[in-house]
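For the protein sequence lines, the chains are A and B, in the order given. Sequential numbering of the first sequence, starting at 1, is according to my numbering. Sequential numbering of the second sequence, starting at 360, is according to my numbering.
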Amino acid sequence: MSEGREQRVLEELERNRRRPPKFTAQRIDMSHGAGGKATHKLIEGLLLPAFDNPVLAPLSDAAMLPFGDAHIAMSTDSYVVRPLVFPGGSIGELAVNGTVNDLAVSGATPLALSAALIVEEGLTTEALTHEIEAMAAAARNAVVSIATGDTKVVERGKADGLYITTTGVGVADPELNLSAAAVRPGDKILCSGTLGDHGAAILIARGDLELEAEVLSDTRPLTPLVRALKETAGSGLRFMRDPTRGGVGTVLNELARDSEYGVVLWEDRLPIRDVVHGACEILGIDPIYVANEGKLLAVVAPEMADAALEALRGVEGGEEAEIIGEVREEPERMVLMHTRFGGTRMIDMLVGDPLPRIC
Amino acid sequence: MKYVDEFRNADLARAVSAEISALAEPGRHYKIMEVCGGHTHTIYRHGIKDLLPDQVELVHGPGCPVCVLPMGRVDEGISIAERPEVIFTCFGDMMRVPGSRGNLLEVKAEGADIRMVYSPLDALRIARENPDREVVFYAIGFETTAPSTALTLQRAKKEDIENFTVFCNHVTIVPPVRALLDSPDLRLDAFIGPGHVSTVIGCRPYEFMPADYGKPCVVAGFEPLDLMQSILMLMRQLDEGRCEVENQYGRAVLWEGNLQALKAMSEVFELRPYFEWRGLGFIAQSALKLSASYADFDAELRYSTPGVRVADPKACQCGEVLKGVLKPPECKVFGTACTPERPLGALMVSSEGACAAYYNFGRKSFEKVEIGSRR
Chain A
1 MSEGREQRVL EELERNRRRP PKFTAQRIDM SHGAGGKATH KLIEGLLLPA
51 FDNPVLAPLS DAAMLPFGDA HIAMSTDSYV VRPLVFPGGS IGELAVNGTV
101 NDLAVSGATP LALSAALIVE EGLTTEALTH EIEAMAAAAR NAVVSIATGD
151 TKVVERGKAD GLYITTTGVG VADPELNLSA AAVRPGDKIL CSGTLGDHGA
201 AILIARGDLE LEAEVLSDTR PLTPLVRALK ETAGSGLRFM RDPTRGGVGT
251 VLNELARDSE YGVVLWEDRL PIRDVVHGAC EILGIDPIYV ANEGKLLAVV
301 APEMADAALE ALRGVEGGEE AEIIGEVREE PERMVLMHTR FGGTRMIDML
351 VGDPLPRIC
Chain B
360 MKYVDEFRNA DLARAVSAEI SALAEPGRHY KIMEVCGGHT HTIYRHGIKD
410 LLPDQVELVH GPGCPVCVLP MGRVDEGISI AERPEVIFTC FGDMMRVPGS
460 RGNLLEVKAE GADIRMVYSP LDALRIAREN PDREVVFYAI GFETTAPSTA
510 LTLQRAKKED IENFTVFCNH VTIVPPVRAL LDSPDLRLDA FIGPGHVSTV
560 IGCRPYEFMP ADYGKPCVVA GFEPLDLMQS ILMLMRQLDE GRCEVENQYG
610 RAVLWEGNLQ ALKAMSEVFE LRPYFEWRGL GFIAQSALKL SASYADFDAE
660 LRYSTPGVRV ADPKACQCGE VLKGVLKPPE CKVFGTACTP ERPLGALMVS
710 SEGACAAYYN FGRKSFEKVE IGSRR
């Protein structure tokens, strides 16, 4: 075909890609909750233009509110998970750690959380007590207080037992400048441990798949890992995220898009447990898109990367940390992986998730 | 991981790659089609393209069963799913396949009782557990999944389960390949035969490819080394002037196939006179329906689906892209009327379809990617 025509088609696609997305769906379906392209359209096509303000606009894990000379970090998240209790954790622990982690990866020290509970009629007091105690223990462990809250009860059939929304506030670290815009070619991408443990644990715990395997959720507060990184990498720490829904593949696509650089991964450096790898092979899913609840992705200046890696490995929950990739000039706005087999592969953003809701 | 890592060994891959390169004649271009969508997935996932010389090009074939379902069949499934008495069951990957007015995921959001299952036996269990509802299983797939539908129907008949029916969309692999081979402008040199399908039908059904059309075929497994070895076997045939069917996937595929599975299929199914394929049009005897003795379980009879044909837009040129005549951006509707969000043709439905890959990654979906040093 003529080079000219192909070029025109490519340019048109690129223009479309850079246009703000329109939200055109007639109804919300499950793909809008899966964390992939449909979720992005919902947020950027409907919510962002309606709420239009400079604090929301960066769409980071936590908003940074100017307060005198300092910044207050604020983040919120809702937790809907079935079953409520799963190997390695439960919804209460997840609800505290998840919001603590959104603050922590924004470079903030978490101070306090609110907790809003939506309880389904008929939930046993035993089950509710278990979750309340799990929240209390997780808050003590993460050194935050649950400072305010709310409870609502809905009729049987209107909720999966219990939904929890937590909102957290923290104090931002004035020394840090964390954003995709701070990232530079050559920076290294660090991952604090094995991928996909939480998502795989939930899938197996549901029992629909009749798989028997010992996989524990990795839910944990990331504050100690973040502290270790700050202390060693300092201003060389450019960007942090916790790869929850949508996994590492989604976070790195957002990084590539927002930084306008390329991201390159090395498959043989990705830490993945054998049992998670095996479960994913059987189910035909890719661990790179599976949710984590206690893992940190950090972009660090190259000269600080080895020290940062050692620091992560010295903290509980970071023993299996690896440098999994780096930022490159090219190919811009794309994520590529050198496969173990010796080829390269594009890592796209997930369109939607055909699997049941996992977090 | 055991039984997986052995088939993903990079040192062996480099050795096979060197042998393939040595067999490629200077100045000659080789186009090899992998018929099966599972192979396409392996090629993308492991980056096999980068291990082949520039002269050897892989063309992705028509073997993704959800991608080739025409809009009309999706619409008919949706019309059944919308009936209030029906629990509609299907595999997860069917949920996003677009009909003319949306997909099953959207219909579920509108209130239809649609449930994802991992096996047709799960659908039968739902029927047992809900005797006051009608349970319909949306059966899709090539000969790979047809035996499990057949066994489920045999069990339903034995147990006399009356509230269970199957909306049968099983298709067969040989007719679309023959249709491709029949086209005068075909530009393919050889075929990688589907592995899973062949565990059921064996290798014999492909003998027409060398015999009638002079194209070699190697039935391949799904690990990346399986594919590399199959490409090498095809290159050797082309180099030595041989033209035959060979079986690379001997650890799973018998030459005669799985006779028990074939027997179950022949009891439960019969060939449709013709069936429409998304982007490829009508192909004679290319799909299965329930046989007369299973008519009671046929959702098409119980719900008298209208059989409305939703025309593929005339501009859709999936057939030309499949035959290797056109590149995706040369299609008239590429990127305008046909996008990954609203696909018209089969090749835009799956993220691994040639058109969807081009849409997402542009020229890089064809070319080798140069991303500098490994470390």
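By construction, the Cβ of each residue, glycine as well, lies at the ideal position given by its N, Cα and C atoms.
- For Ala70/A, the uninterrupted beta strand (DSSP E) run begins and ends at 70-79, by DSSP.
- For Ala538/B, same chain residues with a beta-carbon under 6 Å away, outside a window of 5 residues either side, are Ile642 in chain order.
- Residues of the segment 474-495 of chain B with a C-beta atom less than 8 Å from some C-beta of chain A are Met475, Tyr477, listed in chain order.
- Nearest neighbour of Ile204/A by Cα position, chosen from Val290/A, Lys152/A, Met304/A, Asp258/A, turns out to be Val290/A.
- Here DSSP, grouped into helix, strand and coil, assigns Pro243/A to coil.
- In the DSSP secondary-structure assignment, Cys576/B is bridged to Phe550/B, Val604/B.
- With its beta carbon less than 8 Å from one in chain A, Ser710/B belongs to the interface.
- Comparing alpha carbon positions, the residue from Gly207/A, Arg238/A, Val85/A, Val183/A closest to Gly262/A is Val183/A.
- Within chain A, the C-beta atoms nearer than 8 Å to that of Asp409/B come from Gly342, Gly343, Thr344, in chain order.
- Proximity of Glu679/B to chain A, defined by a Cβ-Cβ separation below 8 Å, is not satisfied.
- In this structure, the alpha-carbon of Ala383/B lies about 10 Å from that of Asp413/B.
- Around the Cβ of Met430/B, a 10 Å sphere holds 16 or more other Cβ atoms; the residue is buried.
- The beta carbons of Leu42/A and His32/A sit about 5 Å from each other, so the pair counts as a contact at 8 Å.
- About 5 Å separates the CB atoms of Tyr565/B and Val604/B; that is less than 8 Å, so the two are in contact.
- Under the three-state reduction of DSSP output, Lys691/B falls in the coil class, being neither helix nor strand.
- Of all alpha-carbon atoms in Leu84/A, His40/A, Thr39/A, His338/A, the one lying nearest the alpha-carbon of Ala201/A is that of Leu84/A.
- By the rule that beta-carbons nearer than 8 Å mark a contact, Leu10/A touches chain B.
- Residues of chain B with a Cβ closer than 7 Å to the Cβ of His277/A are, in chain order, Met360.
- Against chain B, a Cβ distance below 7 Å from Ile91/A picks out nothing, because the smallest value is about 23 Å.
- Contacts with chain B at 8 Å (Cβ-Cβ) do not include Leu255/A.
- Ranked by Cα distance from Pro699/B, the first of Ala716/B, Lys691/B, Pro688/B is Ala716/B.
- Judged by DSSP secondary structure, Leu117/A falls within the beta strand (DSSP E) whose first and last residues are 108-120.
- Chain B places no beta carbon closer than 8 Å to that of Asp197/A, leaving this residue out of the contacts.
- With contacts defined as CB atoms closer than 8 Å, Ala108/A and Asp208/A fail to qualify as a contacting pair.
- In the three-state reduction of the DSSP assignment, Leu237/A falls in the strand class.
- DSSP places Val556/B within a helical segment (H, G or I) once states are collapsed to three.
- A Cβ-Cβ contact shorter than 8 Å links Gly721/B with Leu13/A.
- The C-beta of Asp187/A comes no closer than 8 Å to any C-beta of chain B.
- Judged by pairs of C-beta atoms under 8 Å, the segment 65-73 of chain A does not touch the segment 85-92 of chain A, as fewer than three such pairs exist.
- Taking 8 Å as the threshold, the shortest C-beta distance from Asp348/A to chain B falls below it.
- Secondary structure note for His529/B: its beta strand (DSSP E) is the uninterrupted segment 523-529.
- Here Phe641/B carries a strand assignment [DSSP, helix/strand/coil].
- For Ala623/B, the nearest beta carbon of chain A is not closer than 8 Å to its own beta carbon.
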